[in-house]
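Trainee: Following this message is one structure expressed as structure tokens.
Protein chains in written order, with our numbering: chain F, 9 to 171; chain Y, 1385 to 1638.
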């Protein structure tokens, strides 16, 4: 075995700055889960298909499993742990998922919430078909998507009203 | 990255080009478009300068993966990965693009038709990187169409087709380019069909015949998709694509 190739990375996750050593081969998703203990980001397929590991990197949704932790050096990462305003409240998107039965087992939900966080920032008044296209990169095997689509549209409406 | 995740590819060294900002960006000059290798698919989709003269990029890129992969995926990465079903190598072939391969101290240009060395293997030397792709854009008002068949939106296409078409003053086909993706190790320009279409007046029969001719080519077969299925898709998709491109060239919406 060759010596592991260790790098120092400094990044912010949900506004908090971290400085850690990490092996070059580690994915951002593994880094978040195993180095930082932020296990809200899930890993499903680990090759970019299922979308469970979706996080925001400098505001844009990316596959946490297809991004190396070292590539996030100097970047701002947002994960599902950063969405809720407090331990006892949900943000409007999370609340809409609660209200519309947008999840069942919940495994895919963190990735879907992060995808929709970016999507609703870019498009505050989406059509149903735009929501469905935005969700094409996130696989859910429980809900049949209808509740998720309803939740996304309800969240968009709620967020427009509060603006 | 997926190739490494699945251990198809094991690298001794990995160089991250994300910090090399000079490799990203779109330049338009004198009817020619130049796109830096590290230009993200997302940024191509958000480039009015390019999309206004090459609208087929918008139609094709919307079918490339998903938001999350387009946010990271680059045109240089897509060309170098050279998946047989990838849309961007198909668009490069459609535009007779030139690829710039650079190494320390020098660079060379190569025609896209000579770029693929083999299956998923470009002719890039070990000390080179793909740095830019450039191509002449088509005249304003040209017709275009990109469509593909995949099992789900954003999946790899089983077969796809891209068409560019310009009509003359008498609405005959003055210039046409057609490419099929997903049928061979590299995008295939249908030069024989293009030649037959020049000077013809667009019609259902003409485009049906073009589709049938596309069916005659040998195509890939794999564990999931027999050759006959790809041939059927090629025939149908080419007919529909030509029809749509001709309507757009004539100034009609679909």
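Quick reminder that beta carbons are idealized off the backbone N, C-alpha and C, glycines included.
Owing to the predicted nature of the structure, the values given are computational and were not obtained by experimental measurement.
How long is the line joining the alpha carbons of residue 61 (chain F) and residue 46 (chain F), rounded to whole angstroms?
Mentor: Each residue's Cα considered, the two are about 12 angstroms apart.
Trainee: Count the other CB atoms within 10 Å of the CB of residue 1622 (chain Y); is the residue buried (16 or more) or exposed (fewer)?
Mentor: Burial call: buried.
Trainee: Between which two residues does the beta strand (DSSP E) holding residue 1615 (chain Y) run?
Mentor: Taken as a continuous stretch (DSSP letters only), residue 1615 (chain Y) belongs to no beta strand (DSSP E), being part of the alpha helix (DSSP H) at 1611-1633.
Trainee: For residue 74 (chain F), decide whether its Cβ has a neighbour in chain Y, counting only Cβ atoms nearer than 8 angstroms.
Mentor: Chain Y, which has a Cβ nearer than 8 angstroms to the Cβ of residue 74 (chain F), makes this yes.
Trainee: Going by CA-CA distance only, name the one from F:155, F:26, F:126, F:115 that's closest to residue 1450 (chain Y).
Mentor: Out of F:155, F:26, F:126, F:115, F:126 has the C-alpha closest to the C-alpha of residue 1450 (chain Y).
Trainee: Skipping 5 residues on each side, what residues in its chain have a beta carbon closer than 6 angstroms to that of residue 52 (chain F)?
Mentor: Excluding residues within five positions, the ones whose Cβ falls inside 6 angstroms are 58, 60.
Trainee: Excluding the 5 residues preceding and the 5 following residue 1419 (chain Y) in the sequence, name in chain order all residues of the same chain whose CB lies nearer than 6 angstroms to its CB.
Mentor: Around residue 1419 (chain Y): 1410, 1459, 1517.
Trainee: Does chain F have any CB closer than 8 angstroms to the CB of residue 1577 (chain Y)?
Mentor: Not closer than 8 angstroms to any Cβ of chain F, the Cβ of residue 1577 (chain Y) fails to qualify, so no.
Trainee: Between residue 1638 (chain Y) and chain F, is there a C-beta pair that is closer than 8 angstroms?
Mentor: In this prediction, residue 1638 (chain Y) has a pLDDT of 48, which is less than 50 and means its spatial position is unreliable; what the coordinates show is noted afterwards. So no, residue 1638 (chain Y) is outside the interface.
Trainee: Between the alpha carbons of residue 1531 (chain Y) and residue 1601 (chain Y), how many angstroms are there, rounded?
Mentor: Distance between the alpha carbons of residue 1531 (chain Y) and residue 1601 (chain Y) is about 19 angstroms.
Trainee: Where does residue 1638 (chain Y) fall in DSSP's three states?
Mentor: Confidence at residue 1638 (chain Y) is low in this model, with a pLDDT of 48, below 50, so its placement is unreliable and the value that follows should be read with caution. Correct three-state label for residue 1638 (chain Y): coil.
Trainee: Looking at the C-beta of residue 62 (chain F), does it have a partner C-beta in chain Y at a distance below 8 angstroms?
Mentor: Yes - at least one Cβ of chain Y is within 8 angstroms of the one on residue 62 (chain F).
Trainee: Between residue 1469 (chain Y) and residue 1544 (chain Y), how many whole angstroms is the CB-CB distance? I'm expecting something under 8 angstroms.
Mentor: Confirmed, about 7 angstroms.
Trainee: Does the beta-carbon of residue 130 (chain F) have 16 or more other beta-carbons within 10 angstroms, so that it is buried, or is it exposed?
Mentor: Its Cβ having fewer than 16 others within 10 Å, residue 130 (chain F) is exposed.
Trainee: By the criterion of Cβ-Cβ separation under 9 angstroms, what are the contact partners of residue 1385 (chain Y) in chain F?
Mentor: Per Cβ cutoff of 9 angstroms: 35, 55, 56, 71, 73, 74, 75, 76.
Trainee: I think residue 1573 (chain Y) touches residue 1500 (chain Y), with their Cβ atoms under 8 angstroms apart; what is that distance to the nearest whole Å?
Mentor: Contact flag wrong, Cβ pair sits at about 12 angstroms.
Trainee: Which residues in the same chain have their Cβ closer than 7 angstroms to the Cβ of residue 78 (chain F), if we skip the five residues on either side of it in sequence?
Mentor: These residues qualify, in order along the chain: 15, 17, 30, 32.
Trainee: So, with DSSP's three-state summary, where would you put residue 1506 (chain Y)?
Mentor: Of the three classes helix, strand and coil, the one that applies to residue 1506 (chain Y) here is strand, per DSSP.
Trainee: Provide the residue span of the beta strand (DSSP E) that contains residue 1558 (chain Y), from first to last.
Mentor: Taken as a continuous stretch (DSSP letters only), the beta strand (DSSP E) holding residue 1558 (chain Y) covers 1557-1565.
Trainee: Quick check: the region 100-113 of chain F against the region 144-155 of chain F, are at least 3 beta-carbon pairs closer than 8 angstroms?
Mentor: Contact between the region 144-155 of chain F and the region 100-113 of chain F is present, because at least three Cβ pairs lie under 8 angstroms.
Trainee: What's the call for residue 1635 (chain Y), buried or exposed, on a 16-neighbour Cβ count within 10 Å?
Mentor: Classification for residue 1635 (chain Y): exposed.
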